[in-house]
Amino acid sequence: MTTSELDHLEATGTAQPKHQAERPRLRWTRVLLHLFLLAGAVVMALPFAWMVLSSFKPLEEIFIQPPKLLPKVWQPENYRNALEAADFVRGFVNSLYIAVIVVVVSVFTAAMAAYAFARIRFTGRGPLFMVFLATLMVPVQLTVIPLYLILGRLNWIDTHLALIVPASLFNAFGVFLLRQYVRGIPIELEEAAAIDGAGRARIFLTVILPLLRTPMVALGIFTFLGQWNSFFHPLIFLNSDSLFTLPLVVNQFKGTYSSDWTGLMAAATLAAAPLLIVFVIAQRQIVEGIALSGSKS
Amino acid sequence: MTTTVRRPTRTPPRSGADKPARPGSGQRRRRDNLAGYLFLAPQLIGLLVFMLGPLVFAVVLSVSHWDGFGARSWAGLSNFGTVLQDPQLRTSAKNTIWYTVLSVPGTMVSAFVVAYLLQKVKRKSFYRTFYFAPVVTSTVAVAAIWLWLFNPEIGPLNALLRRVGMPAPDWLQDARFVIPAFALVGIWQGLGYQIVMMMAGLENVPRTLLEAADIDGASEWQKMRRITIPLLSPTILFLSVTSVIGSFQIFDYIYVFMGANAPASSRTVVYEIYQKAFVEFDFGLGSAIAVFLFAALLALTGLQLLAQKRWVHYTE
Numbered sequence: 001m002t003t004s005e006l007d008h009l010e011a012t013g014t015a016q017p018k019h020q021a022e023r024p025r026l027r028w029t030r031v032l033l034h035l036f037l038l039a040g041a042v043v044m045a046l047p048f049a050w051m052v053l054s055s056f057k058p059l060e061e062i063f064i065q066p067p068k069l070l071p072k073v074w075q076p077e078n079y080r081n082a083l084e085a086a087d088f089v090r091g092f093v094n095s096l097y098i099a100v101i102v103v104v105v106s107v108f109t110a111a112m113a114a115y116a117f118a119r120i121r122f123t124g125r126g127p128l129f130m131v132f133l134a135t136l137m138v139p140v141q142l143t144v145i146p147l148y149l150i151l152g153r154l155n156w157i158d159t160h161l162a163l164i165v166p167a168s169l170f171n172a173f174g175v176f177l178l179r180q181y182v183r184g185i186p187i188e189l190e191e192a193a194a195i196d197g198a199g200r201a202r203i204f205l206t207v208i209l210p211l212l213r214t215p216m217v218a219l220g221i222f223t224f225l226g227q228w229n230s231f232f233h234p235l236i237f238l239n240s241d242s243l244f245t246l247p248l249v250v251n252q253f254k255g256t257y258s259s260d261w262t263g264l265m266a267a268a269t270l271a272a273a274p275l276l277i278v279f280v281i282a283q284r285q286i287v288e289g290i291a292l293s294g295s296k297s
Numbered sequence: 001m002t003t004t005v006r007r008p009t010r011t012p013p014r015s016g017a018d019k020p021a022r023p024g025s026g027q028r029r030r031r032d033n034l035a036g037y038l039f040l041a042p043q044l045i046g047l048l049v050f051m052l053g054p055l056v057f058a059v060v061l062s063v064s065h066w067d068g069f070g071a072r073s074w075a076g077l078s079n080f081g082t083v084l085q086d087p088q089l090r091t092s093a094k095n096t097i098w099y100t101v102l103s104v105p106g107t108m109v110s111a112f113v114v115a116y117l118l119q120k121v122k123r124k125s126f127y128r129t130f131y132f133a134p135v136v137t138s139t140v141a142v143a144a145i146w147l148w149l150f151n152p153e154i155g156p157l158n159a160l161l162r163r164v165g166m167p168a169p170d171w172l173q174d175a176r177f178v179i180p181a182f183a184l185v186g187i188w189q190g191l192g193y194q195i196v197m198m199m200a201g202l203e204n205v206p207r208t209l210l211e212a213a214d215i216d217g218a219s220e221w222q223k224m225r226r227i228t229i230p231l232l233s234p235t236i237l238f239l240s241v242t243s244v245i246g247s248f249q250i251f252d253y254i255y256v257f258m259g260a261n262a263p264a265s266s267r268t269v270v271y272e273i274y275q276k277a278f279v280e281f282d283f284g285l286g287s288a289i290a291v292f293l294f295a296a297l298l299a300l301t302g303l304q305l306l307a308q309k310r311w312v313h314y315t316e
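Residue numbers (full-length UniProt numbering), protein chains in the order written: chain A, 1 to 297; chain B, 1 to 316.
Next comes the structure, spelled out in structure tokens:
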């Protein structure tokens, strides 16, 4: 069938598969569309590509003019040097365990609070919830100075407690997000459990929490990203190298070895790689979690 | 628990005729209060100790002179006077606004274009991977990459510019280019997040509306202008409010790119808070800057929420 025949069929309304008829007209715009998106993707990926490829170059090649993307000589030793020069492994472990504790505790306690706000009629519920909401507007910089002084009083400065405890016990965004979901759970489920003799705690653990799985995972991923990449609070609250989280280690590396571009590129690659890998694997959940966190606000 | 059961007499007097008190209703109320506050306890403690307490303390500090060690002394409004008069602080405020002016619309417009086009193709997740990757990368790693890309002698960016015959500035050292350079990195890093949000918003645009417009012979541009953008407006408002707040708080780029002693032309408001409080130990002045920042953000957010009546459409 020629295109003119198809056009004719479509015009007369007798063509069965409509999309086949449209395709010839749309082909060029579609190609252009893909070309545009591809160009954008290349621009987005280029800095990463440059970082990864540079991390394998010997130092002389970094200075070649005009710059070349691909290394002529591959030099994986840069990675060994980077790992030895700055304490990556320790930074990695510090970041990981802090983020995991904060995610687990803050998501769980936020779910508890969300349940209270959504389902329990206690005195002061409305105003308190408004206070939680209002704090979403407060920039961290306003509270960071007093927080530093309070944590100093508690002798928590230069300990991981300064990063773990406040973040674990206060997650206003999480409380707000999860409350929306608790409200969507049919109350009959809880009533049925109550008739079977379950108390509040039991209802929360056996009825509510399992149903909150999806938003909790999304919130958890969101919280993890924030913690893992956090720079401001660790920079202010930590002094000892051995306590540094990964972003601080990379930054310290940059300062100490700033002329060593190969090492810095290897360091940056090592810091970025874990999350990039996790992202490629769990892309769907991360993206949905983020879309959901915004649309519910 | 047993004590609450034994004290039903403590229920409020049943004078309120409109509310016939069922037996045990006061007890139930007390039980609800107890349960409510027990469930709330961890986050409530956090709210009080790590948010409300510091908030009040911040205001007190902003009217104090204090270096964290000796006695705190009353400063009145002198810290705020310093904030308004200090030429460096004024430059930093200008830089912050300039960064916001460049990065917020830059990110939103490009995110809209990409999201709009992405929605028309298959293999969305393929493209999304590329656009979103910078979002999950830590700012420090991002800055390390761009530090090299921006390098005037050995960086590929300027090599490219020179090849096409454009001027190749010293991005991070030239006062005119340092803030645009930060904005470029900000757009690159923030784009993916906004694309994802806008795609989620675009999915809520009812197909029937677009098809009806098709039948009426509407052009692509008309459909976008009259249907898609109005229906996306709540998402656009959300993104503009949150990204203005975010860009006013820009700190990491400056600290990582420029180090602990950034030149005047590259400093931002939050960099000044950091400097005053944690380098110079002037907690009063640092807090005063933070109070100003908060007030500015409140005002800007308020303005955007007021303006929304004119352009934001909610379905339902």
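For every residue, glycine included, the Cβ atom is placed at its ideal position computed from N, Cα and C.
Extent of the continuous alpha helix (DSSP H) run through residue i
i: TRP221(B); result: 220-223
i: HIS313(B); result: Counting along the chain, HIS313(B) falls outside any alpha helix (DSSP H), and DSSP gives it neither H nor E.
i: GLN194(B); result: 178-203
i: GLY81(B); result: 78-85
i: PHE232(A); result: 232-237
i: ARG80(A); result: 77-85
i: VAL247(B); result: Sequence check: residue 247(B) is Ser here, not Val. Here the alpha helix (DSSP H) through SER247(B) covers 229-248.
i: LYS124(B); result: 124-136
i: PRO156(B); result: 156-163
i: SER106(A); result: 88-119
i: PHE275(B); result: The question names Phe, yet the displayed sequence has Gln at residue 275(B). Element bounds for GLN275(B): n/a, residue is neither H nor E.
i: MET216(A); result: 213-229
Neighbouring residues, chain B, relative to residue i (Cβ below 9 Å)
i: MET137(A); result: ILE245, PHE294, LEU297, LEU298, THR301
i: ALA267(A); result: ALA141, ALA144
C-beta atoms of residue i and residue j nearer than 8 Å
i: VAL312(B); j: LEU191(B); result: no
i: MET44(A); j: THR269(A); result: no
i: THR100(B); j: PHE283(B); result: no
i: ILE179(B); j: ASN95(B); result: yes
i: ALA290(B); j: ALA58(B); result: yes
i: VAL42(A); j: GLU61(A); result: no
i: ALA181(B); j: PRO67(A); result: no
i: TYR131(B); j: GLY40(A); result: yes
i: PHE39(B); j: ILE236(A); result: no
i: ILE195(A); j: LEU211(A); result: no
i: PHE257(B); j: ASP67(B); result: no
i: PHE253(A); j: ALA85(A); result: yes
i: residue 363(B); j: MET265(A); result: Missing from the structure shown is residue 363(B); chain B here goes from 1 to 316 and no further.
i: TYR271(B); j: THR139(B); result: no
Assumed close pair residue i, residue j - CB separation to whole angstroms, cut-off 8 Å
i: THR137(B); j: LEU246(A); result: THR137(B) to LEU246(A), Cβ: 12 Å. No contact.
i: VAL175(A); j: ALA114(A); result: 5 Å
i: TYR193(B); j: ILE290(A); result: 7 Å
i: VAL109(B); j: VAL142(B); result: Contact doesn't hold; Cβ gap of about 21 Å is too wide.
i: PHE129(A); j: GLY36(B); result: Actually they are not in contact, since the Cβ atoms of PHE129(A) and GLY36(B) sit about 11 Å apart, beyond 8 Å.
i: THR228(B); j: VAL205(B); result: 6 Å
i: ILE273(B); j: GLN141(A); result: 5 Å
i: PHE132(A); j: LEU47(B); result: 7 Å
i: GLN43(B); j: PHE224(A); result: Between PHE224(A) and GLN43(B) the Cβ distance is about 19 Å, and since that is not below 8 Å, they are no contact.
i: GLN85(B); j: ALA264(B); result: Their Cβ separation, rounded to whole angstroms, is 16 Å, which puts GLN85(B) and ALA264(B) out of contact at 8 Å.
i: LEU219(A); j: VAL107(A); result: 6 Å
Best match in the options for proximity to residue i [C-alpha to C-alpha]
i: ILE145(A); options: VAL107(A), HIS233(A), SER240(A); result: HIS233(A)
i: LYS276(B); options: ALA299(B), ILE154(B), ASN79(B); result: ASN79(B)
i: GLU220(B); options: PHE281(B), TYR116(B), GLY106(B); result: TYR116(B)
i: PHE177(B); options: PHE150(B), ILE187(B), ARG72(B), PHE126(B); result: PHE150(B)
i: LEU136(A); options: LEU177(A), HIS160(A), PHE63(A); result: LEU177(A)
i: PRO139(A); options: GLN27(B), TYR253(B), PRO54(B); result: PRO54(B)
i: LYS120(B); options: GLN304(B), ILE215(B), THR235(B), ARG207(B); result: ARG207(B)
i: PHE56(A); options: LEU33(A), PHE224(A), ARG80(A); result: ARG80(A)
i: ARG30(B); options: PHE63(A), VAL104(A), ILE120(A); result: ILE120(A)
i: TYR97(A); options: VAL31(A), GLU288(A), PHE48(A), SER168(A); result: SER168(A)
i: ALA49(A); options: ALA133(B), GLN173(B), ARG163(B); result: ALA133(B)
Residues that residue i contacts on chain B, provided the C-beta gap is smaller than 8 Å
i: ALA110(A); result: GLN43
i: ALA291(A); result: VAL196, MET197, MET199, ALA200
Contacts of residue i in chain A (Cβ-Cβ under 8 Å)
i: MET51(B); result: THR135, VAL138, THR143, PHE170, ALA172
i: ASN261(B); result: The premise fails here: ASN261(B) is roughly 11 Å from chain A at the closest Cβ pair, so nothing lies under 8 Å.
i: GLN249(B); result: PRO139, VAL140, GLN141
Proximal chain A residues relative to residue i, where beta-carbon distance stays under 7 Å
i: residue 317(B); result: Not covered by the structure: residue 317(B). The range shown for chain B is 1 to 316.
i: THR96(B); result: In chain order: nothing, as chain A lies at least about 12 Å away.
Residues that residue i contacts on chain B, provided the C-beta gap is smaller than 7 Å
i: ILE62(A); result: ILE154
9 Å Cβ cut-off: residues of chain A touching residue i
i: SER287(B); result: LEU142, ILE145, PRO146
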